[in-house]
Structures are given as structure tokens and as C-alpha cells.
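What follows is one structure encoded as C-alpha cells, with my remarks underneath.
Residue numbers (the working numbering): 1 to 428.
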């Protein structure tokens, strides 16, 4: 990623490649369903089961807890097997689990325990799918297309997050929050079909790797991330900001409904502002990386956008809703660009044989703080009030860019394209 080439590109870029088109289509449709579920599940807990913010936080934590429990062994396991069959199986499992919620509700048998079990199943499927997915992109696209491909995928994900909460809110208002989950279950099936149709040949796993004990492979992934002077601050920053983001997101639906006084449709529409920022960030990522550099652009955008998160707890009814929309929009830009640049950097930088382990290690550390943030945000909401809880958690997000500034990014224009042993040990 050091000096992205400016050679002529096809008009439609990576969309000219059939394998990427199918991958993008499946992920876009599935992303729409996921963004519906992000709003629908807490609404089900609040409106159908009369849950408080601690309970909603527990539900959000259950989705991410599998990263902490199985993230590292899954990373080593994924390096040993073919990625696409695993991804298809994960889609089918998650779709089946989500479909069980409307069925239980229609049979008048829905409980909070059922929601938690489904959240754990979907979270475990997501661990396996996302770890394989980040390695599989490198199979579908070559190195020079990774930044563009990740930007396209991130942009479509952000676009579905704009539509999803609004659709979820409208469906919940018109038919009830439970009905919205039917759409998500169908999208996982569509994603599985698209993956099945990809014809890009996937190389067989390296047999020598299978002879290495799983525990040793896990240690190699941890050691690689811990010693690398680029990955170490990225992973630390990701863990901190994920905890804080999920902390306020765990309470924001309850805050908007019970403190600000919004109905489900308005909550869904207001939450699209962060996703709209994600679209803008995805459109900006490649251009910012070319003009400012991947390292400098990433750091400067975090400095410029993260402090605006402090507008969220200032939200009031009427014109005050613009504070929430503005803050979420600008934070969405920064997070989207970071996801694209950091994800592309890992895919190019890490040795292919270790990519699954490195991705899983980084994502396990980043995601392990999400359950903590969800629980902390929910408990703070009940203990000190919803608005003070929003202030506490957003107050952690605002200065989080300082962690990135401790690494070499503050002195360099671009992130390197190739891992070198001396880079790993220079600041160890």
C-alpha cells in the first residue's frame, strides 16, 4: 500500500470480475438484513419483552462474546481449510437461527433466553465467516485491487446500513419488530447462493501447516501481532474504540426512545445518519489514501472526526436531533475509512499462510472488548441515567486517535506493503 499505482483502470473497476460481483452481491443483500436486525433485536427486547438497558446491553454482548471465546482457535483453523464452504455453512446456520425468532413469537413462546441463544449462534457463525471472508477476498482479488474492492464492500455495507434501520423502524411500526427478522433470514440464504456460484479456484490449504499443532499456530498469530509496530497500535486502538462505540450504541436506542421520546420509526431513521457517513467514508477512502497517504490519511481523519461523537449525548427532541445526526455522520466517516485502510493493509501486509491467524487475532482483540462495552453501557444507563451513560462512553471515543499516534503512522505517509522482520522488532 506504499504509493498506490495510478495506472489506468477499467471503468467499472473490480465489478468487471464475476467472482467479486457475486461476493459483493451476497454481502450487500446480507448486509441489508444485518442492519435491519441491529435495530429489530433491541426493539424486540424493549417493546415485546419490556427489557431495561442492562438487558439490552447483555443481548448486544452475546452477539460479540464468541469472538472472545473462539476467535483465536478459529483463526488457526481457517488457515487449514477451504474458506468458501465454511462461509456458506455459516450463512445457512445464521439464517436458520434468525428464522426461529419469528416462529417462536408466532407460537407465543418467545423469551429473552431465546434471543440470547440466537445472538450467540449468530455471533459464532460471524466469527467463522468473517475470519474466512477476510482471507477469501485475497483469493477473489489480487493485491492491487484489494483497496478498491474493500472500499466497494465497505460502501455497500454502509449503504445497507442507511436503508436497514429505516426499513426496520418502518416494519416495526407497521407490523411489529419480530416481522423484520424474516427479511434477515432470507438474506443469509441469498448470500449462500451467491457464494456457491463463485467460480474462482480456491487453492488447497498447505499440508505442512496441518502438521503444526493448533496451539502453536495460535501463538504464532499472537506473536506476530504483538511484535509488529504497525499492527500493535491498530489493534489497541480498535479494542478501545470498539468498547466505547458499543458502549453508547448499547444504550442509544433506549436513550432515543425513553429520554428523547422518539417512536421506533424515528429511531430507525435517525440511526441511518451514521451509516450515511459510512458511505461517504467508503467513497473517500481510496482518494484520501492516494492524496494524503494510507498512514497519514488514516490518522488525520480520526483526528478530524472522532471528537464530533460528543454531539450525541447533547441530543434533544425537535431541532436537537440534528446534533445526533451530525455527530453520527462524521464518526461514521472516520470509522469507515479506518475499516477499509486497516483491512486492506492486513490483507496485503501479512504473509498469506498466516493471514487467517493474524486476522483472527486482531479481530478477537478488537471484538473482545465489545461485550464489555455493551454491558458497561447498559449498566451505566440503569445506574446513572441514559444521557450520562452516553457522555461517559462518547468521552472515550473522542480522544482515541491518540493511540494511533503512538505508532509509526505519525511519521510516515504510507503503510508498507510487505512485512519485514525488522519492522516487527524495531519497537518491541
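Glycine is no exception: its CB is placed at the ideal position from the N, C-alpha and C atoms.
Specify, as a first and last residue, the run of the alpha helix (DSSP H) that residue 252 falls within. In the chain shown, counting from the first residue as 1, residue 252 sits at position 252. Residue 252 -> alpha helix (DSSP H) spans 231 to 254.
Need the endpoints of the alpha helix (DSSP H) that residue 283 sits in, please. In the chain shown, the residue the question calls residue 283 occupies position 283. Looking at the DSSP string, the run of the alpha helix (DSSP H) that includes residue 283 is 264 to 292.
Comparing alpha-carbon positions, which option in 177, 288 and 223 lies nearest residue 102? Position 102 of the chain shown, counting from 1, holds the residue named residue 102. Among 177, 288 and 223, the Cα nearest to that of residue 102 is on 177.
With burial defined as no fewer than 16 other Cβ atoms inside 10 Å of the residue's Cβ, what is the status of residue 402: buried or exposed? Along the chain shown, one-based indexing puts residue 402 at 402. The residue is exposed, with fewer than 16 neighbouring Cβ atoms inside 10 Å.
Three-state secondary structure (DSSP) of residue 130: The sequence position of residue 130 within the chain shown is 130, counting from 1. Three-state result, residue 130: helix.
Have a look at residue 224 and residue 48 and give me their C-alpha separation to the nearest angstrom. Reading the chain shown from its first residue, position 224 is the one you call residue 224. Reading the chain shown from its first residue, position 48 is the one you call residue 48. In this structure, the CA atom of residue 224 is about 46 Å from the CA atom of residue 48.
Assumed close pair residue 417, residue 146 - CB separation to whole angstroms, cut-off 8 Å: Along the chain shown, one-based indexing puts residue 417 at 417. Along the chain shown, one-based indexing puts residue 146 at 146. Going by Cβ atoms, the distance from residue 417 to residue 146 rounds to 10 Å, so no, they are not a contact pair.
Helix, strand or coil for residue 90, going by three-state DSSP, please let me know. As a first step, residue 90 is located in the chain shown; it is residue number 90 there, counting from the start. Residue state for residue 90 is assigned as helix, using DSSP reduced to three classes.
In this structure, does DSSP put residue 227 in helix, strand or coil? By one-based count along the chain shown, residue 227 stands at place 227. Note: residue 227 maps to helix in three-state DSSP.
Look up residue 122 in the DSSP assignment and say whether it is helix, strand or coil. Indexing the chain shown from 1 puts residue 122 at position 122. Residue 122 falls in the helix class under three-state DSSP.
Here's a check: name, in chain order, each residue in its chain whose Cβ is nearer than 6 Å to the Cβ of residue 124, leaving out the five neighbours to either side. By 1-based counting over the chain shown, the position of residue 124 is 124. Within the same chain, and ignoring the five residues on either side of residue 124 in sequence, the residues whose Cβ sits closer than 6 Å to its Cβ are 66.
Counted within 10 angstroms of its Cβ, other Cβ atoms place residue 263 as buried (16 or more) or exposed: By 1-based counting over the chain shown, the position of residue 263 is 263. Exposed, by the Cβ-count rule.
Reduced DSSP category for residue 204 - H, G, I as helix; E, B as strand; rest coil: By 1-based counting over the chain shown, the position of residue 204 is 204. The three-state secondary structure of residue 204, taken from DSSP, is coil.
What's the C-alpha gap between residue 318 and residue 87? Sequence index remark: in the chain shown, residue 318 carries index 318 (1-based). Sequence index remark: in the chain shown, residue 87 carries index 87 (1-based). Their Cα atoms are separated by approximately 44 Å.
Span separating the alpha-carbon of residue 287 from that of residue 298: On the chain shown, residue 287 is found 287 positions in, with the first residue counted as 1. On the chain shown, residue 298 is found 298 positions in, with the first residue counted as 1. Rounded to whole angstroms, residue 287 to residue 298 spans 12 Å at the Cα level.
Close-in-space but distant-in-sequence residues of the same chain around residue 155 (CB under 7 Å, 5 per side omitted): Here the question's residue 155 lines up with position 155 in the chain shown. Only 279, 282 and 283 meet the Cβ criterion.
Proximity below 7 Å, CB of residue 381 to CB of residue 53: The residue labelled residue 381 in the question sits at position 381 within the chain shown. The residue labelled residue 53 in the question sits at position 53 within the chain shown. Taking 7 Å as the Cβ cut-off, residue 381 and residue 53 qualify as a contacting pair.
Would you mind reading off the limits of the alpha helix (DSSP H) that contains residue 446? Any answer about residue 446 is impossible in this case: the structure gives the chain only from 1 up to 428.
Which first and last residues belong to the alpha helix (DSSP H) in which residue 357 is found? Looking up residue 357 in the chain shown gives position 357. It spans 355 to 384 - the alpha helix (DSSP H) in which residue 357 sits, taken as one unbroken run.
Using C-beta distances below 8 Å, list every residue in its chain close to residue 424, excluding the 5 sequence neighbours before and after it, in chain order. The sequence position of residue 424 within the chain shown is 424, counting from 1. Low local confidence applies: a pLDDT of 47 at residue 424 is under 50, so the model's placement there is unreliable, and no value is given.
Taking the alpha-carbon of residue 37 as reference, which of 122, 254, 325 and 15 has the nearest alpha-carbon? Stepping through the chain shown from its first residue, residue 37 is reached at position 37. It is 122.
With a CB to CB cut of under 6 Å and the five nearest residues on each side skipped, what residues in its chain are close to residue 344? By one-based count along the chain shown, residue 344 stands at place 344. 146, 147 and 150.
Starting from the C-beta of residue 303, find all residues in its chain whose C-beta is less than 7 Å away, skip the five residues before and the five after it, and write them out in chain order. Taking the chain shown and counting its residues from 1, one reaches residue 303 at position 303. Hits under 7 Å: 401.
Return yes when the Cβ of residue 23 is within less than 7 Å of the Cβ of residue 433, no when it is not. Absent from the model: residue 433. The displayed extent of the chain is 1 to 428, so no value can be given.
Work out the CA separation of residue 218 and residue 100 for me, nearest whole Å. Position 100 of the chain shown, counted from the first residue, corresponds to residue 100. Position 218 of the chain shown, counted from the first residue, corresponds to residue 218. Between residue 100 and residue 218, the C-alpha separation is close to 34 Å.
Look at the alpha carbon of residue 335 and the alpha carbon of residue 174, and state the distance between them as a whole number of angstroms. The sequence position of residue 335 within the chain shown is 335, counting from 1. The sequence position of residue 174 within the chain shown is 174, counting from 1. For residue 335 and residue 174, the distance between alpha carbons rounds to 32 Å.
Proximity below 7 Å, CB of residue 57 to CB of residue 378: For this step, residue 57 is matched to residue 57 along the chain shown. For this step, residue 378 is matched to residue 378 along the chain shown. Going by C-beta atoms, residue 57 is nearer than 7 Å to residue 378.
Do you know whose CA, among 232, 26, 46 and 40, lies nearest residue 153's CA? Numbered from its first residue, the chain shown carries residue 153 at position 153. With distances taken between Cα atoms, residue 153 lies closest to 26.
Alpha carbons only, please: which of 325, 364 and 258 is nearest the one belonging to residue 50? As a working note, residue 50 is residue 50 in the chain shown. Residue 258 is the option with its Cα nearest to residue 50.
Are the CB atoms of residue 31 and residue 160 nearer to each other than 7 Å? Translated into positions along the chain shown, residue 31 becomes position 31. Translated into positions along the chain shown, residue 160 becomes position 160. Taking 7 Å as the Cβ cut-off, residue 31 and residue 160 qualify as a contacting pair.
Proximity winner among 340, 372 and 197, relative to residue 295 (alpha-carbon distances): One-based indexing of the chain shown puts residue 295 at position 295. Relative to residue 295, the option among 340, 372 and 197 whose CA is nearest is 340.
Can you give the Cα-Cα distance for residue 190 and residue 368, rounded to whole angstroms? Taking the first residue of the chain shown as 1, we reach residue 190 at position 190. Taking the first residue of the chain shown as 1, we reach residue 368 at position 368. Each residue's Cα considered, the two are about 29 Å apart.
Could you name the residues of the same chain whose beta carbon sits closer than 6 Å to that of residue 441, not counting the 5 residues immediately before and after it, in chain order? For residue 441 there is no data in the structure shown, the boundaries of the chain being 1 and 428.
Nearest candidate by alpha-carbon position, reference residue 333, set 276, 354 and 320: For the purposes of this step, residue 333 is identified with residue 333 of the chain shown, where counting begins at 1. Among 276, 354 and 320, the Cα nearest to that of residue 333 belongs to 276.
Closest to residue 181 by C-alpha separation, out of 396, 39, 61 and 412, would be which residue? Counting from one through the chain shown, the residue named residue 181 turns up at place 181. Nearest of 396, 39, 61 and 412 to residue 181, Cα basis: 39.
Please return the same chain residues whose Cβ sits closer than 8 Å to the Cβ of residue 68, not counting the five positions on each side in sequence. Residue mapping note: residue 68 aligns to position 68 of the chain shown, counting from 1. Once the five neighbours on either side are set aside, the close Cβ partners of residue 68 are 364, 367, 368 and 371.
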